[in-house]
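Numbering (my numbering), first residue to last: 5 to 397.
Beta carbons: idealized from backbone N, C-alpha and C, even for Gly.
All remarks here apply to the structure that follows.
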Ligand SMILES: C[S@@+](CC[C@H](N)C(=O)[O-])C[C@H]1O[C@@H](n2cnc3c(N)ncnc32)[C@H](O)[C@@H]1O
């Protein structure tokens, strides 16, 4: 089966996550947002979009036209996709929209299709936006998935690819969790739920295994893990307030989302004592955003980096002892002012490269890769970027 994935604003991280979760037979990155994935198995895009943090849309590739005469063929190909879809949805006005991810000019294709549909006695509405592509919000608001169709176009070498969108990112729910949770800690910072999901997925750990966040803050990672179906969770933090906040947020989440029962514990503990209260070789994975140093004001980065290197080195020693063989640590380390890195010792851990080397060198990916080959997350102008680190025992 051939699918397309529209990637989020950090394509390197979105791609790494898809490789971890979908494990495709092959893939082609057409641009910084358009990925084609070939799989041996049939995917369930509606479930998958809820699991992935870095994907905006998922759909099926429906047709491929050679570029030399696509103008003669494109109307018929689009009509065919619409007719098939229209048979499946209830009667009434049929909404359709286009997202053009290629550099081809589609002219007045939408209006032409609308006319053709009328001749076929299909009453339709063509959904447009100012951009070449429709946002998830527009797709959702115009019910294109439930009662209509969104067709996407992309260019691959000498072909134009036509796809049908099957799922879009649940943007309302993600932002509700980000801004609606009862306990927020703007001082030590909170991970965006999307990044929490991506980090959990990069751990590639089974749902029943023990997943630990040893710097849990207000519990973002463990909240997302519950929604993703993880069953055995443990959060630790040095701060009493953080543990209180985590409980508040988890209880809120359980109520709001009516989640399945899971085993979850929180304790006020120092990460440096991990091996004193967690059994050796018992943890499936650690997923954590540790203390990243001060986020505001002028950063005395030399001092901060030294302090963090000590904390992370010691924390990793402890994690190594309690982690089972093959278990992963997924962490973010800060990068100050875009180029000042921390270098803790990783001991016997093996560092995992999230992307194949040839992909890391592609123009659209290169800018998100640190000099030591890891993916960087952050927006221009931020003081502290995050470097995504994956280690395996
Ligand atoms: C950046 S925050 C984590 C935020 C969290 N990811 C969230 O989204 O809410 C880092 C946390 O590490 C905790 N911390 C700092 N040093 C620690 C230590 N030695 N052991 C355990 N927790 C520690 C802090 O109290 C803080 O809550």
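Write down the C-beta distance between residue i and residue j rounded to the nearest angstrom, noting that I regard them as a contact closer than 8 Å.
i           : j           : result
residue 326 : residue 287 : 5 Å
residue 390 : residue 336 : 4 Å
residue 237 : residue 263 : Going by Cβ atoms, the distance from residue 237 to residue 263 rounds to 11 Å, so no, they are not a contact pair.
residue 155 : residue 144 : Not quite, the Cβ-Cβ distance comes to about 16 Å (not below 8 Å), so this is no contact.
residue 62  : residue 98  : Not quite, the Cβ-Cβ distance comes to about 22 Å (not below 8 Å), so this is no contact.
residue 100 : residue 110 : Not confirmed; about 13 Å, so no contact.
residue 353 : residue 320 : 7 Å
residue 53  : residue 174 : 7 Å
residue 228 : residue 254 : That belief does not hold up - the Cβ atoms of residue 228 and residue 254 are roughly 11 Å apart, past 8 Å.
residue 47  : residue 7   : 6 Å
residue 292 : residue 218 : 6 Å
residue 21  : residue 309 : Actually they do not touch by this definition, with Cβ atoms about 28 Å apart.
residue 78  : residue 113 : 7 Å
residue 221 : residue 241 : 6 Å
Which two residues bound the contiguous beta strand (DSSP E) that contains residue i?
i           : result
residue 31  : 30-33
residue 158 : 152-160
residue 216 : 214-217
residue 50  : Note, residue 50: premise wrong, no beta strand (DSSP E); alpha helix (DSSP H) at 49-55.
residue 166 : 163-172
residue 65  : 59-70
residue 46  : From DSSP, residue 46 is part of no beta strand (DSSP E); its letter is neither H nor E.
residue 368 : It is not in any beta strand (DSSP E) - residue 368 instead sits in the alpha helix (DSSP H) that spans 367-370.
residue 144 : Where residue 144 is concerned, there is no enclosing beta strand (DSSP E), although the alpha helix (DSSP H) it sits in stretches over 140-145.
residue 379 : 379-381
residue 391 : 388-396
residue 110 : Note, residue 110: premise wrong, no beta strand (DSSP E); not H, not E.
residue 133 : Counting along the chain, residue 133 falls outside any beta strand (DSSP E), and DSSP gives it neither H nor E.
residue 191 : Where residue 191 is concerned, there is no enclosing beta strand (DSSP E), given that its DSSP letter is neither H nor E.
residue 373 : Segment: none, residue 373 is in no beta strand (DSSP E) and carries neither H nor E.
So is the beta-carbon of residue i under 8 Å away from any non-hydrogen atom of ligand 1?
i           : result
residue 366 : no
residue 219 : yes
residue 275 : yes
residue 317 : no
residue 295 : yes
residue 292 : yes
residue 189 : yes
residue 223 : yes
residue 323 : no
residue 335 : no
residue 194 : yes
residue 246 : yes
residue 200 : yes
Starting from residue i, follow the alpha helix (DSSP H) in both directions and report where the run begins and ends.
i           : result
residue 114 : 113-123
residue 42  : Element bounds for residue 42: not the alpha helix (DSSP H) but the beta strand (DSSP E), 38-42.
residue 82  : 74-92
residue 180 : 175-184
residue 104 : Premise fails: residue 104 lies in the beta strand (DSSP E), 98-104, not in any alpha helix (DSSP H).
residue 23  : 15-26
residue 363 : 361-364
Got a sec: does ligand 2 put a non-hydrogen atom nearer than 8 Å to the Cβ of residue i?
i           : result
residue 242 : In the structure shown, ligand 2 is absent; the only ligands present are ligand 1.
* Every unbroken beta strand (DSSP E) within the segment 270-357, with a cutoff of 3 residues, ordered by chain -> 287-292, 327-340
Check: Going along the chain, which unbroken runs of the alpha helix (DSSP H) with 4 or more residues stay wholly within the segment 194-257?
Finding: 197-206, 224-231
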